[in-house]
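Heads up: the sequence shown runs through residues 1 to 640, numbered per UniProt numbering.
Glycine included, C-beta positions come from ideal geometry on N, C-alpha and C.
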Amino acid sequence: MEATAGGSRRRPTLLRLLCPKKSLVSPPTPSLRWLLGSPRFLPPLTVAAALRSLPDGASSPDLQREAEEIRGLLVRGFDIVGAVHVGSADAGGALELARAVRERLYGERASHGMVGGCVELGTGEIRFVVSEGDGVEAVEVTEVVWEDDPGRLLWEKGCLLRCELLLKLPLYVPSDDTSGIEARFYSLIESTASKLRDPHVSYLIEGPRTTPGESHYSIILHGNDLNSVPHLSRNGSTEEYDANIVSCSKFFPAKRSLSLTRENADAIQITILSNQSFNSSKASTPAVEYFPAPALASLRAINLKLDILCYTSVDFPVAAAVSELIIPGLADQLSIMKKAIVSELTTQQPQLSPYHFVPPGLLIPVTTIYDTRYGEIEEKQSELRRNLHLRLQLPLDRPLLRISNALNFSIGGTDKKASKSGSSLLRDVHREIPSSGVSGGIISLIDGSYEYYHYLHDGIDDNGWGCAYRSLQTIMSWYRLQQYSSINVPSHREIQQVLVEIGDKDPSFIGSREWIGAIELSFVLDKLLGVSCKVINVRSGDELPEKCRELAIHFETQGTPVMIGGGVLAYTLLGVDYNEASGDCAFLILDPHYTGADDLKKIVNGGWCGWKKSIDSKGRSFFLKDKFYNLLLPQRPNMV
């Protein structure tokens with residue numbers, strides 16, 4: 001341990017990081033990153049994620065703007081725990097900036113430990129300091145741990161709570177004077193937020209169901225119950241409370257495996273109810289009261305859809321979670337929507353809708369609010385998503401925050417939303433295949449999910465002529481599942497109609513059994529998706545191994561499935577395993593000529609999806625020496 005100036009010895013400081021190092025140091029340009037953690041529910045000085053301060057390179061960030069934008073993204077239960085300066089040597093200055101933005105976020109100085117860091121541009125080396133409380137001097141971190149299994153620490157003892165609330169608020173505006181409309185609107189929102197703790201408000205709390213028909217635990221809390229929740233210490237535990245207090249773990253199965261996938265996310269569901277007769281000893285009947293307006297007024301209905309997530313420990317009392325997380329979270333979202341709506345009160349009201357995401361590379365969920373008056377491809381929405389990608393440090397060439405990417409929560413045993421793909425086809429069948437047999441090779445694979453289309457699918461007998469159509473359908477499914485497109489995967493007839501419409505084929509082509517090749521596939525992808533394609537020509541199957549390096553670069557940069565057409569056969573290429581030194585290589589082939597049922601074991605064991613060498617161990621050639629081959633490499637659209 002290191003001695004302080006006064007001769008006393010301070011204890012070691014351990015900093016635990018769950019986010020990848022590249023989220024703090026890349027790109028190596030001057031910038032500021034905000035560090036997120038959960039001081040209440042995770043070990044002290046634990047960093048779960050990093051957000052980028054915008055704009056990059058700003059020497060003095062607009063802290064109020066930063067706080068407002070982070071408030072909209074941050075799930076309650078997570079907090080700002082520090083900052084890192086890239087290209088600066090002032091770790092202490094980063095820590096003070098984190099304190100300042102956190103104070104603007106919550107209106108108070110942080111009582112938990114805070115982290116400051118600085119990154120040297122040339123080496124990428126990071127130096128950290130920590131302060132274990134407000135007013136406590138910052139000291140150097142003595143040990144930094146980058147967790148190997150960060151998801152386990154977050155979710156083994158953590159869980160999500162979700163609350164949706166639809167509101168229709170009456171705003172009365174004098175017909176002859178609209179000057180006070182903003183003040184009336186602000187008062188209406190504040191009044192609504194204050195009623196969330198009203199004794200007449202009840203909270204129905206239900207656990208998620210993992211299988212249809214499975215029972216789930218549920219309770220009802222009343223507003224009065226929230227006034228007597230146990231005292232909470234800063235680490236999220238209760239100092240003393242009755243053993244009968246229900247914790248969040250009660251709502252999950254004993255052998256719990258939390259799902260946080262886009263298709264099916266688990267959360268305790270909280271529904272807000274109004275019970276006007278609660279605690280009333282007298283029977284009552286509905287009554288109508290008349291209050292004459294002092295002047296002519298118009299009624300404007302303010303429609304709001306609130307939808308919040310909160311993170312907590314499974315050991316945390318659920319009443320405390322509602323009181324300390326859900327209600328403040330709803331109030332926060334009301335405040336955010338208030339600012340977005342107030343400027344358009346006298347015109348068309350924004351249609352605001354919150355969505356929750358866990359994009360690749362981020363371990364914790366974030367919330368965004370979109371104005372659904374605008375389509376997803378309109379410039380206003382695209383620019384908003386682009387800024388979100390920058391802040392969350394997501395790539396700018398793929399759509400990760402579109403509505404179709406949002407988490408889908410199952411409630412009461414049924415999915416709230418239908419399956420996003422609308423398909424029951426096998427996906428990603430290559431994940432079960434054995435190794436390629438290439439010694440010392442580097443594997444480059446498709447990036448994303450796809451559906452396996454093959455002969456006889458959809459009741460269409462295309463045996464002997466439809467392999468290229470099936471390869472195209474698999475490629476189209478990739479674009480759909482990666483959210484680049486929302487159009488359905490086209491049928492054989494629809495593919496033929498496109499080729500006739502663009503003048504490539506005669507009308508008699510529709511309904512025929514004529515083959516198509518790589519060039520026709522490129523025409524269809526361009527027409528339906530606006531996707532450009534690169535074509536590689538080889539004169540013989542023997543030359544295909546020479547293209548392995550180029551194919552590896554394609555999978556590493558574009559990540560799309562490749563169509564290989566040669567002679568009368570077409571295949572879908574999902575990756576390559578290539579040893580550049582020896583030239584040994586293998587091709588990961590998805591074969592559309594399969595005619596059996598969608599049995600994954602049968603498909604893999606039968607070699608319908610597997611690694612193929614140009615010449616196998618028995619001297620047999622997979623690609624024919626006397627055939628010309630075209631390889632169609634669809635490009636990834638540069639969009640968010």
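In this structure, DSSP gives Ile326 a helical state, which the three-state scheme calls helix.
Secondary structure within the segment 578 to 602: the beta strand (DSSP E) runs of 3 or more consecutive residues, fully enclosed, are 585 to 590 (chain order).
Taking each of Gly466, Arg391 and Glu432 in turn and checking the Cα distance to Ala50, the smallest one comes out for Arg391. Counting along the chain, Met476 sits inside the alpha helix (DSSP H) bounded by residues Cys467 to Leu481. Residue pairing from DSSP places Lys168 in a beta bridge opposite Asn303. Under the DSSP assignment, Pro30 falls outside any beta strand (DSSP E); it carries neither an H nor an E label. Looking at the DSSP output, Ile536 sits in a beta bridge with Leu631.
Boundaries of the alpha helix (DSSP H) harbouring Leu528: Ala518 to Leu529, taken from the DSSP string. By the Cβ-count criterion, Trp478 is buried, with 16 or more other Cβ atoms from all chains shown falling within 10 Å of its own Cβ. By the criterion of a C-beta distance shorter than 6 Å, Leu456 is surrounded in its chain by Thr595, once the five residues flanking it on both sides are discounted. Tyr370 sits in a strand when the DSSP states are folded into three classes.
Ser187: member of the alpha helix (DSSP H) spanning Ile181 to Ser194, first to last residue. In the structure shown, Gln64 adopts helical secondary structure according to DSSP, grouped into three states. Annotation: the continuous alpha helix (DSSP H) that includes Thr557 extends over Cys548 to Thr557.
Assignment of beta-bridge partners to Ala83 by DSSP yields Trp34 and Gly116.
DSSP, read as helix, strand or coil, puts Met337 in helix. Judged by DSSP in its simplified three-state form, Trp146 adopts strand. Counting C-beta pairs closer than 8 Å gives three or more between the segment 296 to 309 and the segment 342 to 356, which meets the contact rule. Taking C-beta atoms as the reference points, Phe628 and Arg539 count as a pair closer than 8 Å. Put simply, the backbone Cα of Arg71 is about 15 Å away from that of Gly82. Here DSSP, grouped into helix, strand and coil, assigns Ile446 to coil. Segment contact: the segment 127 to 134 against the segment 149 to 166, fewer than three CB-CB distances shorter than 8 Å; contact not assigned. Using a 10 angstroms sphere on the CB of Leu551, the tally of other CB atoms reaches 16 or more, which defines it as buried.
In the three-state reduction of the DSSP assignment, Ala320 falls in the helix class, which pools H, G and I.
Of Leu472, Pro170, Gly124 and Arg99, the smallest CA-CA separation from Gly135 is found for Arg99. Per DSSP, Ile495 is one residue of the alpha helix (DSSP H) stretching across His492 to Glu501.
Secondary structure at Cys19: coil, using DSSP grouped into helix, strand and coil. For Glu451, the beta-bridge partners assigned by DSSP are Arg427. In the three-state reduction of the DSSP assignment, Pro354 falls in the strand class. Apart from the 5 residues on each side of it in sequence, Ile336 sits with its Cβ closer than 7 Å to the Cβ of Arg71, Gly72 and Ile369 in its chain, given in chain order. Fewer than three pairs of CB atoms, one per stretch, sit closer than 8 Å, so the segment 381 to 390 makes no contact with the segment 21 to 32. Three or more Cβ pairs drawn from the segment 581 to 601 and the segment 556 to 571 lie within less than 8 Å of each other, which places the two stretches in contact. Taking a contact to require three or more Cβ pairs closer than 8 Å, the segment 315 to 324 and the segment 167 to 176 do not qualify as touching. For Arg385, the enclosing alpha helix (DSSP H) stretches over residues Glu379 to Leu392. Shown here, Phe409 sits in a strand according to DSSP, grouped into three states. In the structure shown, the three-state DSSP call for Ala91 is helix.
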